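A short worksheet on the structure shown next.
2 protein chains.
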Amino acid sequence: MEKMRVAIVGFGNVAREALAAVEAASDMEAAGIVLRDPKKAAALQSETKLPVVCDVNELGEVDAAILAIASRAIPEVAPHYLAKGINTVDSFDIHGEAVMDLRKKLDAAGKAGGSVAVICAGWDPGTDSVVRAILEGIAPKGITYTNFGPGMSMGHTVAVKNIPGVRDALSLTLPKGTGLHKRHVYVELAPGADFEAVRKTILEDPYFVHDETYVYPTEDVKQLIDLGHGVLMERKGVSGRSHNQRITFSMTLMNPAATAQVMVSSARAGKKQRPGCYTMLEIPPLDYLEGERESLLRRLV
Amino acid sequence: MEKMRVAIVGFGNVAREALAAVEAASDMEAAGIVLRDPKKAAALQSETKLPVVCDVNELGEVDAAILAIASRAIPEVAPHYLAKGINTVDSFDIHGEAVMDLRKKLDAAGKAGGSVAVICAGWDPGTDSVVRAILEGIAPKGITYTNFGPGMSMGHTVAVKNIPGVRDALSLTLPKGTGLHKRHVYVELAPGADFEAVRKTILEDPYFVHDETYVYPTEDVKQLIDLGHGVLMERKGVSGRSHNQRITFSMTLMNPAATAQVMVSSARAGKKQRPGCYTMLEIPPLDYLEGERESLLRRLV
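Line by line, the protein sequences give chains C and U. To convert, note that position 54 of the first sequence is 54 in my numbering; the numbers rise steadily by one, no gaps. Just so we're on the same page, my numbering is the position in the second sequence counted from 1, plus 1000.
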């Protein structure tokens, strides 16, 4: 069987782990790394034997691109790949209406390009979204609480890093229980930046505006970083006429590795879908897995 | 929107809960109950306003049949419905090759009849199977342990009840940890039956032959029955190059209600698939849920 050729776009934490996940999969090979900035590409090329390019066209045939870049860049970057017939996977993590807008845009781009976009494919949104649906299939009436942390939120950290006056940042998510969270944000200021102005911008950011948020100045963010994270989902609900059905799902994870692995598994699943855009809720779970269909079913059913 | 008309086949514990789940769903209505035995059908008819019939043809238009009957009867009964263009759902719970045989047979029957069979649609096999796949999508290398109980196993109990000399029975599953189980079987003997002969038959039955099994005689099985059950699935695995990713999924449930609810949710999903046979691993998770697609995505992604 021919291996899927997968390009990694970006080279942050998630991208590095995505490369490791592609290399660990026997049905895939890494086509190369795409970095928009020629200086960064040249610097990275000196560290790796894989081609590091500024445009995916330089990598020859590519089946899928793992877009390990900031969520806010996805709506502009993904259509560029889909138009070339290259499937995309992202871990877009802005919940709500933004997901619907992205899905509509990439669905049109995928159908026009004969390609597949899998969106919101991380662990949350992503596999947690799938679990939430499964919980409702078992007990349709009731409430699901999703409790995150303690751990670094990559989306929130990137959001803070993009704020003017911030040199480096870390946003920690801490569970308060019953789906409520607080956030602890550690910021290393750029020279001359005003802490109070930065703090105010953070508190008003859509990523933070709904949560109890504490902002702390710190000298060296790097010393605080641990990439572990976790989640606890709890549902108490009703199956038919039977109440108090209790279901929990919990994980403790190396966060970027889990996100990256789900993206890589989703690249495999994307290949099996018809052109268009899919959330993980719209993909048969078997499609994520490596191996022959019947032998997977024998093992997993 | 027109409501799905759902027939319930059988009227044991799962069937009664399936009827409650259909009645709780605003997109479905119960078409009636099918019991093969005319005497049992007549007796039940005096208790309910729903039509109780011996042949599904008497119920008018039916979209789907919930086959709440013994697993061993499914391969013969399901094709009868599929040939009429009626979708089927079963909770066939004999793992391994028997699933593959059933899938092949019902796939042909469904394609010939323009209908859809969803098989192995309970909580295990069923939603647990889906969770096992999701766990491998997050951490492809590693081991998943599925620990059941304590609780009554319906499949094992039915298997014991079918053994000659058994008047009534209860089979309890108890977890030993790391995916190992013991079984406690309580049997109420028929007059003149030999306990040792019954015990030997149980221990040699394919349902029990792989497990540590204890068989106890008892005077009145009914006094021991509690329909609660549970499961704990644990995976420790590797995402890309990151080890010790820990994931757990656990439930404590009214067992027949959960099985029945998953069957009813699967009837909804079956309607959205092309003709053929599907395990739950082969169905997009969103398809199980009631409601408009985009509003479900807004809430769950």
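Note that the Cβ used here is the ideal one computed from N, Cα and C, for glycine as well. Please read these numbers as outputs of a predicted model, since none were measured by experiment.
Residues that residue i contacts on chain C, provided the C-beta gap is smaller than 7 Å
{"i": "U:Ala1021", "result": "Ser239 and Gly240"}
Integer-rounded CB distance, given that residue j should sit under 8 Å from residue i
{"i": "U:Glu1290", "j": "U:Arg1268", "result": "7 Å"}
{"i": "U:Gly1096", "j": "C:Arg298", "result": "6 Å"}
{"i": "U:Ala1078", "j": "U:Val1034", "result": "Contact flag wrong, Cβ pair sits at about 13 Å."}
{"i": "C:Phe92", "j": "C:Ile69", "result": "Not a contact, Cβ separation roughly 10 Å."}
{"i": "U:Leu1059", "j": "U:Thr1088", "result": "In fact, because the Cβ distance is near 14 Å, the residues do not count as touching under 8 Å."}
{"i": "C:Leu170", "j": "C:Met152", "result": "6 Å"}
{"i": "C:Ile247", "j": "C:Ala133", "result": "Not really, about 12 Å apart at Cβ, beyond 8 Å."}
{"i": "U:Lys1144", "j": "U:Arg1241", "result": "Looking at the sequence itself, residue 1144 of chain U is Thr, so the reference to Lys does not match. Not really, about 20 Å apart at Cβ, beyond 8 Å."}
{"i": "U:Thr1252", "j": "U:Gly1228", "result": "7 Å"}
{"i": "C:Val116", "j": "C:Gly122", "result": "The Cβ separation is near 17 Å, so there is no contact."}
{"i": "C:Glu294", "j": "U:Met1100", "result": "6 Å"}
{"i": "C:Ile202", "j": "C:Val160", "result": "6 Å"}
{"i": "C:Met233", "j": "U:Gln1245", "result": "No, C:Met233 and U:Gln1245 are not in contact; Cβ-Cβ is about 16 Å, not under 8 Å."}
{"i": "U:Thr1173", "j": "U:Phe1208", "result": "The Cβ separation is near 11 Å, so there is no contact."}
Neighbour flag for residue i against chain U, beta carbons, 7 Å
{"i": "C:Thr279", "result": "yes"}
{"i": "C:Pro285", "result": "yes"}
{"i": "C:Val116", "result": "no"}
{"i": "C:Glu234", "result": "no"}
{"i": "C:Ala24", "result": "yes"}
{"i": "C:Glu282", "result": "yes"}
Proximity test, Cβ basis, 7 Å: residue i and chain C
{"i": "U:Ser1153", "result": "no"}
{"i": "U:Tyr1288", "result": "yes"}
{"i": "U:Cys1120", "result": "yes"}
{"i": "U:Ala1068", "result": "no"}
{"i": "U:Val1209", "result": "no"}
{"i": "U:Val1009", "result": "no"}
{"i": "U:Val1301", "result": "yes"}
{"i": "U:Glu1017", "result": "yes"}
Interface residues of chain C facing residue i [CB-CB closer than 8 Å]
{"i": "U:Gly1149", "result": "Within 8 Å Cβ-Cβ: nothing; U:Gly1149 doesn't reach chain C, min ~15 Å."}
Beta-carbon gap between residue i and residue j smaller than 7 Å
{"i": "U:Gly1142", "j": "U:Val1231", "result": "no"}
{"i": "C:Thr218", "j": "C:Tyr186", "result": "yes"}
{"i": "U:Leu1281", "j": "C:Pro150", "result": "no"}
{"i": "C:Gly137", "j": "U:Tyr1288", "result": "yes"}
{"i": "U:Gly1166", "j": "U:Val1198", "result": "Rather than Gly, the amino acid found at residue 1166 of chain U in this sequence is Val. Yes, the Cβ-Cβ distance between U:Val1166 and U:Val1198 is below 7 Å."}
{"i": "C:Asp211", "j": "C:Arg183", "result": "yes"}
{"i": "C:Gly126", "j": "C:Val262", "result": "yes"}
{"i": "C:Tyr81", "j": "C:Ala65", "result": "yes"}
{"i": "C:Pro256", "j": "C:Glu47", "result": "no"}
{"i": "U:Thr1279", "j": "C:Val9", "result": "no"}
{"i": "U:Lys1003", "j": "U:Glu1029", "result": "yes"}
{"i": "C:Ala73", "j": "C:Ala260", "result": "no"}
{"i": "U:Val1062", "j": "U:Val1056", "result": "yes"}
{"i": "C:Val221", "j": "C:Glu196", "result": "no"}
{"i": "U:Ala1031", "j": "U:Arg1005", "result": "yes"}
{"i": "U:Phe1249", "j": "U:Val1130", "result": "no"}
Under 8 Å by beta carbon: chain U residues contacting residue i
{"i": "C:Tyr100", "result": "First, the residue type needs correcting, since residue 100 of chain C is Met and not Tyr in the sequence shown. Glu1294, Leu1297 and Arg1298, listed in chain order."}
Under 9 Å by beta carbon: chain C residues contacting residue i
{"i": "U:Val1006", "result": "Those within 9 Å of U:Val1006 in chain C number zero; the least Cβ separation is about 13 Å."}
Where residue i meets chain U, residues with beta-carbon distance less than 9 Å
{"i": "C:Ser265", "result": "Glu1136, Gly1137, Ile1138 and Pro1140"}
Residue i: CB within 6 Å of a non-hydrogen atom of the ligand SAH
{"i": "C:Ala109", "result": "This structure lacks the ligand SAH, and indeed carries no ligand of any kind."}
What residues from the region 1125 to 1143 of chain U come within 8 Å of chain C, judged by C-beta to C-beta, listed N to C?
Pro1125, Thr1127, Ser1129, Val1130, Val1131, Arg1132, Ala1133, Ile1134, Glu1136, Gly1137, Ile1138, Ala1139, Pro1140 and Lys1141
Closer than 7 Å, Cβ to any Cβ of chain C: which residues of the region 1246 to 1263 of chain U, in chain order?
Arg1246, Ile1247, Thr1248, Phe1249, Ser1250, Met1251, Thr1252, Leu1253, Met1254, Ala1257, Ala1258, Ala1260, Gln1261 and Val1262
Taking a Cβ distance cut-off of 7 Å, strictly less, list which residues of the region 31 to 52 of chain C are near chain U, in chain order.
none
Any residues in the region 1073 to 1098 of chain U with a beta carbon nearer than 8 Å to a beta carbon of chain C? Which ones, in chain order?
His1095, Gly1096 and Glu1097
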